[in-house]
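Novice: In the working numbering, the protein residues as written are 5 to 490. Questions regarding the structure given below will be posed in turn.
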RNA sequence: GGCGCAUUCGUCUAGGGGUUUAGGACACCUCCCUCUCAAGGAGGAGAUCACCGGUUCGAAUCCGGUAUGCGCUACCA
């Protein structure tokens, strides 16, 4: 590796980045950081029609959220800017003109209607769709005439009719394509904007990109790019195509598959370190067992060679598991910080209580090892923050219990609790555990009734800890309410 | 239709001629721990390595074909 590594993430602002896009960015970033190279962010805003407002911000937010920082880009600048393709139009124009001048490209005046018709006809006759090269050999006279009609032409590449184009992909190995299967693709659209093919070739060269790491869907277009590099007399970069992330139906992941925007995952309560680790593991592996890896470990161990070539389905269940692992790794302080935005959104559950920071800090440790997402924390802790518990009275009566026994147990507990001086975990246990045999009950039976009375649920954090955090007053009030429900 | 590529437990993957009775992880099941739920621990089930042929003493691993799937085939990226 004598060449200095310069890689790029080149999204088009036509929507919010999904996990697949971000994983591509990550692979690029990982290579840059692993090898001490540069990672550049370039916005490919050449499709005016599909441009989406706010997409650039979403792209940057997504990258920042995951800690994927860029050395050069629209906002930070760099020696190879500008980093918006819409600001580099002159470059593409002169490249196109150069190609026309040397006979490798030509103006095409065919209307979109004609092209659509042509394609429909080809499909109908089961022929390979593609431009029929009608304008490839237009005479000067015909051109002048079209020009006079006011038709804005596109510029098409004069693809060689014969021969083959081959290249060695870092991941896929040798890829060979017959030039005859490629049509004369568009370089410059009639609005003066370049197509992806032209723009990415011009820019990757201008920005001295060493490795083009992108998704598998680009493999088929790579020969076109190679042809362009050749015609322009440029040295092509290394090509690295990785497999795609698939939806549950094994098709290319798309909006159809539901929440796939990376920011949606943030909103659903996944930690950035989880997403980073998890995404890295889709289509890349270190060995036969290492799965939990920090950002630094990923950087240290990353290598292009270990990227796989089979598409992978995004396994949500495993993501949940991994997020649980990362949540448990958090310190109490980190967990508190992480959870803030999520519980604050749920204010009506008990505004005053949620704003009582000490109380929240006492509650959180009780659910930290039980939550798999930050959003789940809201659900898991709700009963700590409400005034009135709502639950079916039947829940109070547990296995092998009846109404009378339950009422008796709750009353007895009440009596024990009232005089309790330090209302903490230990004293609660000291007084409640012996109570069960006194009542002729199993501890489980007593505790179950108390749990429902105090939390409104049959599954909750450990009883004594929970009660201690709730406090004496609230506990007694809730037991009273339970008695009333019976 | 053409071109390109892929195919190992349900899912993510390891393994690239003998070390493999194909390893790990998620999910699932059982048991332990235990006041419930988690977490944790110990087990279990789950893959004729897509199929068919070939090469070889020996193939998940190499070769060919078939099937299936996916991608590309836009004045989208």
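All residues carry an ideal CB built from backbone N, CA and C; glycine is no exception.
Report the option in 452, 430, 168, 359 whose CA atom is closest to the CA atom of residue 179.
Specialist: That would be 168, whose Cα lies nearest to the Cα of residue 179.
Novice: So within the stretch 219–252, which uninterrupted alpha helix (DSSP H) runs reach at least 4 residues, ignoring any that extend past its ends?
Specialist: Counting whole runs of 4 or more residues, the stretch 219–252 contains the alpha helix (DSSP H) stretches 226–236.
Novice: Leaving out the 5 sequence neighbours to the left and right, which residues in its chain are closer than 6 angstroms to residue 314 when beta-carbon positions are compared?
Specialist: Same-chain partners within the cutoff: 247.
Novice: Out of 33, 490, 135, 346, which one is the CA nearest neighbour of residue 401?
Specialist: The shortest C-alpha separation from residue 401 is found at 490.
Novice: Taking DSSP as the reference, what is the three-state secondary structure of residue 5?
Specialist: Confidence at residue 5 is low in this model, with a pLDDT of 44, below 50, so its placement is unreliable and the value that follows should be read with caution. DSSP places residue 5 in coil when its eight states are reduced to three.
Novice: Please give the ranges of any alpha helix (DSSP H) in the stretch 12–45, keeping only runs that are unbroken, at least 4 residues long and fully inside the region.
Specialist: Whole alpha helix (DSSP H) segments, 4+ residues: 23–39.
Novice: Would residue 376 pass as a contact of residue 327 if the rule is Cβ separation under 7 angstroms?
Specialist: Yes. Within cutoff.
Novice: Could you name the residues that DSSP lists as bridge partners for residue 76?
Specialist: In DSSP, residue 76 forms a bridge with 44.
Novice: Kindly indicate which residue of 10, 22, 31, 95 has the alpha-carbon position closest to the one of residue 258.
Specialist: Out of 10, 22, 31, 95, 22 has the C-alpha closest to the C-alpha of residue 258.
Novice: What residue from 427, 441, 482, 163 has the CA that sits closest to residue 454's CA?
Specialist: For the residues 427, 441, 482, 163, the minimum Cα distance to residue 454 belongs to 482.
Novice: Report the rounded CA-to-CA distance for residue 5 versus residue 41, giving the unit in angstroms.
Specialist: Reliability fails at residue 5, whose pLDDT of 44 lies under 50, so the model's placement of it is uncertain and the value that follows must be treated cautiously. The alpha-carbon atoms of residue 5 and residue 41 are separated by roughly 11 angstroms.
Novice: So, for residue 158: in the same chain, excluding its five sequence neighbours on each side, which residues have a beta-carbon less than 7 angstroms away from its beta-carbon?
Specialist: So the qualifying residues of the chain are 112, 190, 192, 193, 194.
Novice: Taking the Cβ atom as the reference point for each residue, do residue 12 and residue 212 lie within a distance shorter than 7 angstroms?
Specialist: No, Cβ-Cβ distance for residue 12 and residue 212 is not below 7 angstroms.
Novice: Alpha carbon to alpha carbon, how far is residue 83 from residue 57?
Specialist: When rounded, the distance between both Cα atoms is 27 angstroms.
Novice: Any contact of the stretch 232–251 with the stretch 120–131, i.e. 3+ C-beta pairs under 8 angstroms?
Specialist: Too few Cβ pairs lie closer than 8 angstroms, so no.
Novice: Would you check if the distance between the CB atom of residue 3 and the CB atom of residue 20 is smaller than 7 angstroms?
Specialist: Shown here, the chain extends from 5 to 490; a query on residue 3 therefore has no answer.
Novice: In the structure shown, what three-state DSSP assignment does residue 276 receive?
Specialist: Helix.
Novice: According to the neighbour-count rule (16 or more other Cβ atoms, all chains shown, within 10 Å of its Cβ), is residue 450 buried or exposed?
Specialist: Buried: at least 16 other Cβ atoms inside 10 Å.
Novice: Counting only the same chain and skipping the five closest in sequence on each side, list residues whose C-beta sits under 6 angstroms from that of residue 142.
Specialist: Closer than 6 angstroms at Cβ, skipping near neighbours: no residue.
Novice: If you measure between the beta carbons of residue 241 and residue 96, is that distance less than 7 angstroms?
Specialist: Going by C-beta atoms, residue 241 is not nearer than 7 angstroms to residue 96.
Novice: Do you know how far the Cα of residue 254 is from the Cα of residue 445?
Specialist: Those two C-alpha atoms are separated by around 55 angstroms.
Novice: Leaving aside the five residues before and after residue 210 along the sequence, list all residues of the same chain whose C-beta is less than 7 angstroms from its C-beta, in chain order.
Specialist: Contacts found: 84, 95.
Novice: Is the beta carbon of residue 276 sitting closer than 7 angstroms to the one on residue 69?
Specialist: Cβ atoms of residue 276 and residue 69: closer than 7 angstroms.
Novice: Please work out which residues of its chain come closer than 6 angstroms, Cβ to Cβ, to residue 261, disregarding the five sequence neighbours upstream and downstream, and give them in chain order.
Specialist: Excluding residues within five positions, the ones whose Cβ falls inside 6 angstroms are 251.
Novice: Below 8 angstroms on the Cβ atoms is my contact criterion, and I expect residue 273 with residue 346 to pass it. Report the Cβ-Cβ distance as a whole number of Å.
Specialist: So it is a contact: roughly 6 angstroms between Cβ atoms.
Novice: Just curious, the beta strand (DSSP E) that residue 178 is in, first and last residue?
Specialist: Taken as a continuous stretch (DSSP letters only), the beta strand (DSSP E) holding residue 178 covers 177–182.
Novice: For residue 332, which of 266, 45, 293, 373 has the nearest alpha-carbon?
Specialist: Among 266, 45, 293, 373, the Cα nearest to that of residue 332 belongs to 373.
Novice: Could you name the residues of the same chain whose beta carbon sits closer than 8 angstroms to that of residue 412, not counting the 5 residues immediately before and after it, in chain order?
Specialist: Within the same chain, residue 412 has close Cβ partners 443.
Novice: Are there 16 or more other CB atoms within 10 angstroms of the CB of residue 27, so buried, or fewer, so exposed?
Specialist: With 16 or more other Cβ atoms within 10 Å, it is buried.
Novice: At the level of alpha carbons, what is the spacing between residue 325 and residue 205?
Specialist: If you take the alpha carbons of residue 325 and residue 205, they lie about 41 angstroms apart.
Novice: Expressed to the nearest angstrom, what Euclidean distance is found between the alpha-carbon atoms of residue 92 and residue 14?
Specialist: For residue 92 and residue 14, the distance between alpha carbons rounds to 14 angstroms.
Novice: Using DSSP with H/G/I as helix, E/B as strand and the rest coil, what is residue 340?
Specialist: Reduced to three states, the DSSP call for residue 340 is helix.
Novice: With residue 203 and residue 50 assumed to form a contact (beta carbons below 8 angstroms), what rounded beta-carbon distance in angstroms separates them?
Specialist: Right, the Cβ-Cβ distance comes to about 6 angstroms (below 8 angstroms), so this counts as a contact.
Novice: Considering only residues of the stretch 57–125, which uninterrupted beta strand (DSSP E) runs meet the minimum length of 3 residues and lie entirely inside it, listed in chain order?
Specialist: Those beta strand (DSSP E) runs which fall completely within the stretch 57–125 and span 3+ residues are 109–112.
Novice: DSSP state of residue 256, grouped into three classes?
Specialist: It is a strand residue.
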